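J.: If you're matching positions, the sequence shown starts at 0 in numbering that gives the first Met the number 0 and goes up one per residue. For every residue, glycine included, the Cβ atom is placed at its ideal position computed from N, Cα and C. Since we're looking at a predicted model, the values are computed, not measured. Have a look at this one before I ask anything.
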Amino acid sequence: MYFMALATDYDGTLAQDGLVTASTVSALEKLKKSGRKLILVTGRELPDLKEVFSELSLFDKVVAENGALIYTPASEEERAISPSPSADLVDRLKKRGVKPLSVGRSIVATWEPHQATVLDVIKKLGLELEIIFNKGAVMILPSGINKATGLAAALEDLKLSPHNVVAVGDAENDHAFLRASGCSVAVANALPAVKDTADLVTKEARGKGVEELIRKLIKHDHLIAKKRLGGVLLGTSRGKDIYLSPMETVLIAGSSGIGKSTLATALTERLVEKGLQFCIFDPEGDYDGLKGAVPLGNGSTAPNKEQLLELIEKPQTNVVVNGLALKVDERPDFFAELLPSLGNVRYRTARPHWLIIDEAHHLMPKRRGDTRSVLSIELPGTVLITVHPEAISTDALRLVTAVIALGPKAKDVIRTFCKETGLKAPKDIPLPKGDRVLFWRPHDGKKPVTVKAIEPDQSLKRHSRKYAEGELDEAGSFYFTGPKKAMKLRAHNLIIFAQMAEGIDDKTWEHHLRAGDYSKWFRQQIRDKDLARETAEAEKDKTLSADESRKLVIDAVRRRYTAPATAPERN
Numbered sequence: 000m001y002f003m004a005l006a007t008d009y010d011g012t013l014a015q016d017g018l019v020t021a022s023t024v025s026a027l028e029k030l031k032k033s034g035r036k037l038i039l040v041t042g043r044e045l046p047d048l049k050e051v052f053s054e055l056s057l058f059d060k061v062v063a064e065n066g067a068l069i070y071t072p073a074s075e076e077e078r079a080i081s082p083s084p085s086a087d088l089v090d091r092l093k094k095r096g097v098k099p100l101s102v103g104r105s106i107v108a109t110w111e112p113h114q115a116t117v118l119d120v121i122k123k124l125g126l127e128l129e130i131i132f133n134k135g136a137v138m139i140l141p142s143g144i145n146k147a148t149g150l151a152a153a154l155e156d157l158k159l160s161p162h163n164v165v166a167v168g169d170a171e172n173d174h175a176f177l178r179a180s181g182c183s184v185a186v187a188n189a190l191p192a193v194k195d196t197a198d199l200v201t202k203e204a205r206g207k208g209v210e211e212l213i214r215k216l217i218k219h220d221h222l223i224a225k226k227r228l229g230g231v232l233l234g235t236s237r238g239k240d241i242y243l244s245p246m247e248t249v250l251i252a253g254s255s256g257i258g259k260s261t262l263a264t265a266l267t268e269r270l271v272e273k274g275l276q277f278c279i280f281d282p283e284g285d286y287d288g289l290k291g292a293v294p295l296g297n298g299s300t301a302p303n304k305e306q307l308l309e310l311i312e313k314p315q316t317n318v319v320v321n322g323l324a325l326k327v328d329e330r331p332d333f334f335a336e337l338l339p340s341l342g343n344v345r346y347r348t349a350r351p352h353w354l355i356i357d358e359a360h361h362l363m364p365k366r367r368g369d370t371r372s373v374l375s376i377e378l379p380g381t382v383l384i385t386v387h388p389e390a391i392s393t394d395a396l397r398l399v400t401a402v403i404a405l406g407p408k409a410k411d412v413i414r415t416f417c418k419e420t421g422l423k424a425p426k427d428i429p430l431p432k433g434d435r436v437l438f439w440r441p442h443d444g445k446k447p448v449t450v451k452a453i454e455p456d457q458s459l460k461r462h463s464r465k466y467a468e469g470e471l472d473e474a475g476s477f478y479f480t481g482p483k484k485a486m487k488l489r490a491h492n493l494i495i496f497a498q499m500a501e502g503i504d505d506k507t508w509e510h511h512l513r514a515g516d517y518s519k520w521f522r523q524q525i526r527d528k529d530l531a532r533e534t535a536e537a538e539k540d541k542t543l544s545a546d547e548s549r550k551l552v553i554d555a556v557r558r559r560y561t562a563p564a565t566a567p568e569r570n
């Protein structure tokens, strides 16, 4: 499910002439049984609402007095989110002959044509109040209080995001909370202005329209979400914007250092703009310092699962889970233990809206035998990022609905994906050039296209501790083999590389030096262009002895990654 709650107006929407039919009540009960929440959002005062609607207990929250009062039927708790009405205001209105006049916990209400008198009294008293209209009703509330603010308060109690709410209404005072929802709906009898701005308009009027909406919501939740939600902008292709749907599972793959995490960073910026929650699993510390997100874990401290789940419960909090302190063989277990708990949060709240799983072949490796049980949940709104799609669990790959391939081996990514999932590879795959990526939805029957991808506003600093002290995987490590491949010494970080470089024989050192292996590794795996450039100069200088070139390269590494910070001078 994507839409976790239905927020509905009462008069003219749920009810006709103040009453709700038995069939509409039955539909509400079915929606509750589907696991969704019900929120009533009304301009009525609570005592009046209780008197006319005996089934109020069906609702998880009631937003009364046009947003000023939050009521929880299960506990009968009432919470006013705005101050009480001014006694001077009420007295002046009575003296000016304003009748009928209703006074609630925060709201003061009357009917047209008293709006001119009400406005005059407010001005003379110098009060910061607003007048809200609703089909002839004139409601007076503190400035900034409306159905949208009331809905936001109710959703905060329920730990739900407004993106996961369908709201339905019919009149002027419904505009605010309809605009604040993920999908806005107008019943057939709604005012034309409400219909014009709604995402959907029901065929039926009032309660029958709500029943119609509930049927669609139960049967076609994901289809409604896919059609009505804008998605996340990936880039443009032939002048057309390309979006990633919140219902998709996306694979981003390509050679090391080709820009996968850069693209993911750009996507997170779009998510922040839209107010969509994301959680990044970052085994290598690549998203250190990401704007708009709370970091959890670092190079020396492993992330805490309980703390992560606590942070995720807050809809506005984005999280980067840094797994750098975890050993490579510990990462799959950490993720396998966490994913079901995270799945429960998504089942209850549909959040985080997006999961971004970097180095997915570390966290969801093919070799694990329990991946199927770990993936007992679906993965909508998920991005899998990897250098090695063939090393990801096949069960995970089969959930993928969109492939984004980067770099000169982009075609191979598509072919590898098809081989692993048993799909037929498309013909005539274009090769992306320059700043373009290859984009393909394997199940929509269309060919892959090249897309000019969005770029991030921020530039992330690669985490130096990862390369200095961490543990790069086998593919990312450096191997001293010598000219005859007589040895295979693995350096899984820069400290180990420097130590091994000092101890190997001259022939082995010079074999890799003249082949340009050191600068290639620094450029492609360590992703440090400056270090690669400095090393390449030593590789090309044939006047240097083995010891001289060795010293230049090792000094360059230690200066950038392992040298202690310079102490400040003292006078």
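Does the segment 0–11 come within contact of the segment 160–177, defined as at least 3 CB pairs closer than 8 Å?
T.: yes
J.: Which value, in whole angstroms, describes the spacing of the CA atoms of V89 and T116?
T.: As a first step, residue 89 is located in the sequence shown; it is residue number 90 there, counting from the start. As a first step, residue 116 is located in the sequence shown; it is residue number 117 there, counting from the start. In a straight line, the C-alpha of V89 is about 12 Å away from that of T116.
J.: Return the chain-ordered list of same chain residues with a C-beta closer than 6 Å to the C-beta of V436, the five sequence neighbours on each side being excluded.
T.: In the sequence shown, the residue the question calls residue 436 occupies position 437. Within the same chain, V436 has close Cβ partners I403, L405, V450, A452.
J.: What is the residue span of the alpha helix (DSSP H) that D546 lies within?
T.: Position 547 of the sequence shown holds residue 546. Note, D546: alpha helix (DSSP H), 545–556.
J.: Between the C-alpha atoms of R330 and W439, what's the straight-line distance to the nearest angstrom?
T.: Start at 1 with the first residue of the sequence shown, and residue 330 comes out as number 331. Start at 1 with the first residue of the sequence shown, and residue 439 comes out as number 440. Cα atoms of R330 and W439: separation of roughly 29 Å, rounded to the nearest angstrom.
J.: Ordered along the chain, which non-local residues of its own chain (more than five positions away) have a Cβ less than 8 Å from that of S83?
T.: Your numbering for residue 83 matches position 84 in the sequence shown. Correct list, in chain order: R104, S105.
J.: Taking only the alpha-carbon atoms, compute the straight-line gap between K539 and E272 and give it to the nearest angstrom.
T.: As a position in the sequence shown, residue 539 is number 540, starting the count at 1. As a position in the sequence shown, residue 272 is number 273, starting the count at 1. Answer to the nearest angstrom: the Cα atoms are 48 Å apart.
J.: Assess, as a yes-or-no matter, whether the segment 59–79 is touched by the segment 38–45 under the definition of 3 or more beta carbon pairs within less than 8 Å.
T.: yes
J.: By the DSSP assignment, the beta strand (DSSP E) with L20 in it spans what residues?
T.: What you label residue 20 is simply residue 21 of the sequence shown in a count that begins at 1. The question names Leu, yet the displayed sequence has Thr at residue 20. It is not in any beta strand (DSSP E) - T20 carries neither H nor E in the DSSP assignment.
J.: Can you name, in chain order, every residue of its own chain whose Cβ lies under 8 Å from the Cβ of E28, other than the five neighbours on each side?
T.: In the sequence shown, counting from the first residue as 1, residue 28 sits at position 29. The answer, listed in chain order, is L57.
J.: From the DSSP output, in three-state form, read off Y560 for me.
T.: Residue numbering aside, residue 560 sits at position 561 when the sequence shown is read from its first letter. Three-state DSSP puts Y560 in a helix.
J.: Going residue by residue through the segment 33–76, where are the continuous beta strand (DSSP E) segments of at least 3 residues, counting only ones entirely within it?
T.: Entirely contained in the segment 33–76, the beta strand (DSSP E) runs reaching 3 residues are, in chain order, 36–40, 60–63, 68–71.
J.: Is the closest heavy atom of the ligand GTP to the C-beta of E111 under 6 Å?
T.: Looking at this structure, you won't find the ligand GTP or any other ligand, since it has none at all.
J.: To the nearest angstrom, how far is the alpha carbon of R345 from that of D285?
T.: By one-based count along the sequence shown, residue 345 stands at place 346. By one-based count along the sequence shown, residue 285 stands at place 286. R345 and D285: Cα-Cα distance of roughly 25 Å.
J.: Could you pull the DSSP bridge partners for P294 from this structure?
T.: Taking the first residue of the sequence shown as 1, we reach residue 294 at position 295. Under DSSP, P294 forms a beta bridge with V319.
J.: Quick one: residues in its chain with C-beta nearer than 6 Å to the C-beta of V373, no 5 flanking neighbours on either side, listed in chain order?
T.: Within the sequence shown, the letter at position 374 stands for residue 373. Residue confidence for V373 is low, a pLDDT of 49 falling below 50, so the modelled location carries little weight; the figure read from the coordinates is stated next. Only A335, L338 meet the Cβ criterion.
J.: Taking A200 and D173 to be in contact with their CB atoms under 8 Å, please state how far apart those CB atoms are, rounded to whole angstroms.
T.: What you label residue 200 is simply residue 201 of the sequence shown in a count that begins at 1. What you label residue 173 is simply residue 174 of the sequence shown in a count that begins at 1. As written in the sequence, residue 200 is Val, which differs from the Ala given in the question. No, V200 and D173 are not in contact; Cβ-Cβ is about 13 Å, not under 8 Å.
J.: So what's S375 in DSSP terms, helix, strand or just coil?
T.: The count along the sequence shown starts at 1 and reaches residue 375 at position 376. The predicted position of S375 is uncertain, since its pLDDT is 45 and thus under 50; a value taken from the coordinates is nonetheless stated next. The DSSP-derived three-state label of S375 is coil.
J.: Can you tell me whether H352 is buried or exposed? The criterion is at least 16 other CB atoms within 10 Å of its CB, across all chains shown.
T.: On the sequence shown, position 353 is the one that residue 352 refers to. Answer is buried; the Cβ neighbour count reaches 16.
J.: Are K146 and F176 closer than 7 Å when you measure CB to CB?
T.: Taking the sequence shown and counting its residues from 1, the one referred to as residue 146 is at position 147. Taking the sequence shown and counting its residues from 1, the one referred to as residue 176 is at position 177. The answer is yes: Cβ separation under 7 Å.
J.: Report the option in L124, I130, A401, V137 whose CA atom is closest to the CA atom of P112.
T.: Within the sequence shown, numbered from 1, the residue matching residue 112 stands at position 113. Looking at L124, I130, A401, V137, the one whose alpha-carbon comes closest to that of P112 is V137.
J.: Taking only three categories from DSSP, how would you classify S180?
T.: The residue you call residue 180 lines up with position 181 of the sequence shown. DSSP places S180 in coil when its eight states are reduced to three.
J.: Relative to the C-alpha of T420, which candidate in P388, M499, K445 has its C-alpha closest?
T.: Here residue 420 refers to the residue found at position 421 of the sequence shown. Selected option, being the one with the closest Cα: P388.
J.: Are the Cβ atoms of F280 and I356 separated by less than 7 Å?
T.: Against the sequence shown, residue 280 aligns to sequence position 281. Against the sequence shown, residue 356 aligns to sequence position 357. Yes, these two residues count as a Cβ contact at 7 Å.
J.: Going by alpha carbons, who is nearest to E171 out of A500, I384, N492, T196?
T.: Here residue 171 refers to the residue found at position 172 when the sequence shown is read from its first residue. E171 has its Cα closest to that of T196, out of A500, I384, N492, T196.
J.: I need the DSSP call for S340, collapsed to helix, strand or coil.
T.: Residue numbering aside, residue 340 sits at position 341 when the sequence shown is read from its first letter. In the three-state reduction of the DSSP assignment, S340 falls in the helix class.
J.: Could you have a look at N163 and say whether DSSP puts it in helix, strand or coil?
T.: Walking along the sequence shown from the start, residue 163 turns up at place 164. Three-state result, N163: helix.
J.: Measure the alpha-carbon distance for F2 versus C182 and round it to whole angstroms.
T.: Your numbering for residue 2 matches position 3 in the sequence shown. Your numbering for residue 182 matches position 183 in the sequence shown. Annotation: F2 to C182 spans about 9 Å, alpha carbon to alpha carbon.
J.: Could you check what DSSP says for T235 in three-state terms: helix, strand or coil?
T.: Mapped onto the sequence shown, residue 235 falls at position 236. DSSP, read as helix, strand or coil, puts T235 in strand.
J.: Measuring alpha carbon to alpha carbon, tell me which residue in W110, G298, K290, K49 is nearest T71.
T.: Taking the first residue of the sequence shown as 1, we reach residue 71 at position 72. Among W110, G298, K290, K49, the Cα nearest to that of T71 belongs to K49.
J.: For a test of the three-state rule: what should DSSP assign to E129, helix, strand or coil?
T.: Position 130 of the sequence shown, counted from the first residue, corresponds to residue 129. It is a strand residue.
J.: Starting from A452, follow the alpha helix (DSSP H) in both directions and report where the run begins and ends.
T.: To locate residue 452, count along the sequence shown from 1; it is residue 453. It is not in any alpha helix (DSSP H) - A452 instead sits in the beta strand (DSSP E) that spans 448–452.
J.: Report all residues from its chain with a CB closer than 6 Å to the CB of L551; omit the five preceding and five following residues, and keep chain order.
T.: Taking the sequence shown and counting its residues from 1, the one referred to as residue 551 is at position 552. Answer for L551: A537, listed in chain order.
J.: DSSP has D281 in a bridge; who is on the other side?
T.: Walking along the sequence shown from the start, residue 281 turns up at place 282. DSSP output for D281 lists N321 as bridge partner(s).
J.: Given this structure, state the Cα-to-Cα distance separating A4 from Y560, to the nearest angstrom.
T.: Start at 1 with the first residue of the sequence shown, and residue 4 comes out as number 5. Start at 1 with the first residue of the sequence shown, and residue 560 comes out as number 561. Here the C-alpha atom of A4 lies approximately 51 Å from the C-alpha atom of Y560.
J.: Can you list, in chain order, the residues of its chain whose CB lies under 6 Å from that of A189, leaving out five sequence neighbours each side?
T.: Translated into the one-based positions of the sequence shown, residue 189 becomes position 190. Closer than 6 Å at the Cβ level, and outside the excluded window around A189, lie D169.
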